[in-house]
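**Student:**
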Amino acid sequence: MSEKKIIAVMGATGAQGGGLVRAMLANPGSGFVPRAVTRKPDSDKARALAGLGAEVVAGDADDPASLERAFAGAHGVFCVTNFWEHFSAEREGAQASAMARATRKAGVRHVIWSTLEDTRKWIRLDDGRLPTLQGRYKVPHFDAKGAVDHVFAEEAAPTTYLLASFYWENFIHFGMGPRQGPDGDLVLAMPLGGARLPGIAAEDIGRCAYGVFRSGTDTIGQRIGVAGEVLSGPEMAAKMGHALKRKVDFSDVPFDVYRGLGFPGAEDLGNMFQFQAILGDEFLRSRDPVRSRALNPQLLSFDAWLGANIGRIPIA
Ligand SMILES: NC(=O)c1ccc[n+]([C@@H]2O[C@H](COP(=O)([O-])OP(=O)(O)OC[C@H]3O[C@@H](n4cnc5c(N)ncnc54)[C@H](OP(=O)(O)O)[C@@H]3O)[C@@H](O)[C@H]2O)c1
Numbered sequence: 059m060s061e062k063k064i065i066a067v068m069g070a071t072g073a074q075g076g077g078l079v080r081a082m083l084a085n086p087g088s089g090f091v092p093r094a095v096t097r098k099p100d101s102d103k104a105r106a107l108a109g110l111g112a113e114v115v116a117g118d119a120d121d122p123a124s125l126e127r128a129f130a131g132a133h134g135v136f137c138v139t140n141f142w143e144h145f146s147a148e149r150e151g152a153q154a155s156a157m158a159r160a161t162r163k164a165g166v167r168h169v170i171w172s173t174l175e176d177t178r179k180w181i182r183l184d185d186g187r188l189p190t191l192q193g194r195y196k197v198p199h200f201d202a203k204g205a206v207d208h209v210f211a212e213e214a215a216p217t218t219y220l221l222a223s224f225y226w227e228n229f230i231h232f233g234m235g236p237r238q239g240p241d242g243d244l245v246l247a248m249p250l251g252g253a254r255l256p257g258i259a260a261e262d263i264g265r266c267a268y269g270v271f272r273s274g275t276d277t278i279g280q281r282i283g284v285a286g287e288v289l290s291g292p293e294m295a296a297k298m299g300h301a302l303k304r305k306v307d308f309s310d311v312p313f314d315v316y317r318g319l320g321f322p323g324a325e326d327l328g329n330m331f332q333f334q335a336i337l338g339d340e341f342l343r344s345r346d347p348v349r350s351r352a353l354n355p356q357l358l359s360f361d362a363w364l365g366a367n368i369g370r371i372p373i374a
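Be aware that the sequence shown starts at 59, since it is given in the working numbering, and climbs by one per residue.
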């Protein structure tokens, strides 16, 4: 029997969990082995993880019994939910709560819960600056996660809370990259309200989670925000311009205009950016690149990420 500690990884076929699985596989001497949990063990992504050497098991966050089976015998569990698959804060909360309870039933020793702030602790529902969404949320994909932190604290195995920051991959996959302006110059348009934005290469989130598991159980109960770098809009545009060898201007889009863009999630994201601007330095302090680098010495700067990914950013 292997003496290595099994880490069961939710979202293993995705960005955060995938980074954690690959970090463990890249460090075979670490004492940890990944168990990738997926709804579709036969999918190409799951097969690719198995091909790299990961154990792959079936598990569905909508099916609590399947989670207990998937977590059985594991030392650690990484929990992440995907709001953007269904856009329902209620369902995300139910999925996360099921994961939390299953970790305790399975006798797990250390859980990482990939959470975000419940913004309603800062912005009350009757605060008109952010429109209320889904009946009782300000930033549904943040609030739903933060609202179940207490379930992890009270009903899960011992938990460390990990807060991700804006993935720079959003410039590739989420249509947030620069666009051609009327004069032919490129414009990076984002609603930052003058604030600086903590950002990270998505792969680094899982590497930081690996650093948390490696550092043992000292971090239990802590909230650890991870970021590769904290940059203003003009700084991000200038760095993109340097990588593209073209001028890229920054346009700070008014929050109301962004909320009105009409794509799925526009209001949620508009509120998210405005929440970050309202919190200002308090939000920046919650995501510390120095601590992130201590957990993950490979942490990429934005320039390094651009160096590897600039050709993948679609220029509209
Ligand atoms: N984009 C950003 O800038 C950003 C920043 C901070 C936080 N986040 C948060 O990141 C979360 C998504 O994480 P990600 O980007 O790592 O995901 P992702 O790359 O979009 O992949 C989604 C993962 O979730 C798994 N999954 C979804 N529903 C599941 C279910 N019912 N049971 C089991 N597994 C399920 C999928 O696994 P299978 O399909 O294989 O089952 C897949 O591995 C979101 O909730 C978002 O709010 C995003």
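Glycine is no exception: its CB is placed at the ideal position from the N, C-alpha and C atoms.
At what residue ranges does the segment 107-161 contain a whole run of the beta strand (DSSP E), taking only runs of 3 or more?
**Tutor:** List check, beta strand (DSSP E) in window: 113-116 and 134-137.
**Student:** Give me the Cα-Cα distance between ALA301 and ASP339, rounded to the nearest whole angstrom.
**Tutor:** Answer to the nearest angstrom: the Cα atoms are 28 Å apart.
**Student:** Using three-state DSSP, classify SER290 as helix, strand or coil.
**Tutor:** Coil at SER290, not helix or strand.
**Student:** By the three-class DSSP mapping on this structure, what secondary structure does PRO92 have?
**Tutor:** The answer is strand: DSSP assigns PRO92 an E or B state.
**Student:** What does DSSP give as the partner residue(s) for GLY283 in the beta ladder?
**Tutor:** Beta-bridge pairing links GLY283 to LEU221.
**Student:** Nearest-angstrom Cα distance between ALA202 and HIS144?
**Tutor:** Near 13 Å, if we compare the C-alpha coordinates of HIS144 and ALA202.
**Student:** Among GLU175, MET234 and ALA81, which one has its Cα closest to the Cα of ALA112?
**Tutor:** Out of GLU175, MET234 and ALA81, ALA81 has the C-alpha closest to the C-alpha of ALA112.
**Student:** Just to confirm, does GLN334 get its C-beta within under 7 Å of one of the non-hydrogen atoms of ligand 1?
**Tutor:** No, ligand 1 has no heavy atom inside 7 Å of this Cβ.
**Student:** Is DSSP giving THR190 helix, strand or coil here?
**Tutor:** Reduced to three states, the DSSP call for THR190 is coil.
**Student:** I believe PHE16 touches ALA160 by the beta-carbon criterion, under 8 Å. Please report the beta-carbon distance rounded to the nearest angstrom.
**Tutor:** Because the chain in this structure spans residues 59 to 374, residue 16 falls outside the shown range and cannot be described.
**Student:** I want to check one thing, is the minimum distance from the CB of LEU174 to the heavy atoms of ligand 1 below 7 Å?
**Tutor:** It does: the Cβ of LEU174 is within 7 Å (strictly closer) of some heavy atom of ligand 1.
**Student:** Touch check for the segment 254-262 and the segment 281-294: three-plus C-beta pairs under 8 Å?
**Tutor:** Taking 8 Å as the limit for Cβ pairs, the verdict is that the segment 281-294 does touch the segment 254-262.
**Student:** Given 8 Å as the limit, is there contact between the segment 216-226 and the segment 158-177, that is, 3 or more CB pairs closer than that?
**Tutor:** Touching, yes.
**Student:** Would you list, in sequence order, the uninterrupted beta strand (DSSP E) runs of no fewer than 3 residues that lie entirely inside the segment 238-325?
**Tutor:** Correct list: 244-248, 255-258, 281-283, 287-289 and 306-310.
**Student:** Answer yes or no: do THR96 and ALA84 have a C-beta to C-beta separation smaller than 8 Å?
**Tutor:** No, the pair does not count as a contact, with Cβ atoms beyond the cut-off.
**Student:** Quick one: give me the first and last residue of the alpha helix (DSSP H) that TRP180 is part of.
**Tutor:** Unbroken run through TRP180: none, as it is neither H nor E.
**Student:** For THR173, list the residues DSSP reports as bridge partners.
**Tutor:** Beta-bridge pairing links THR173 to LEU221.
**Student:** Quick check on VAL67: does DSSP put it in helix, strand or coil?
**Tutor:** If DSSP states are grouped into helix, strand and coil, VAL67 belongs with the strands.
**Student:** Using three-state DSSP, classify MET59 as helix, strand or coil.
**Tutor:** Since pLDDT at MET59 reaches only 46, below the 50 mark, its modelled position is unreliable, and no value is offered.
**Student:** Applying the criterion that 16 or more other CB atoms from any shown protein chain within 10 Å of the CB defines a buried residue, is LEU107 buried or exposed?
**Tutor:** Classification of LEU107: buried, given that the 10 Å Cβ count is 16 or more.
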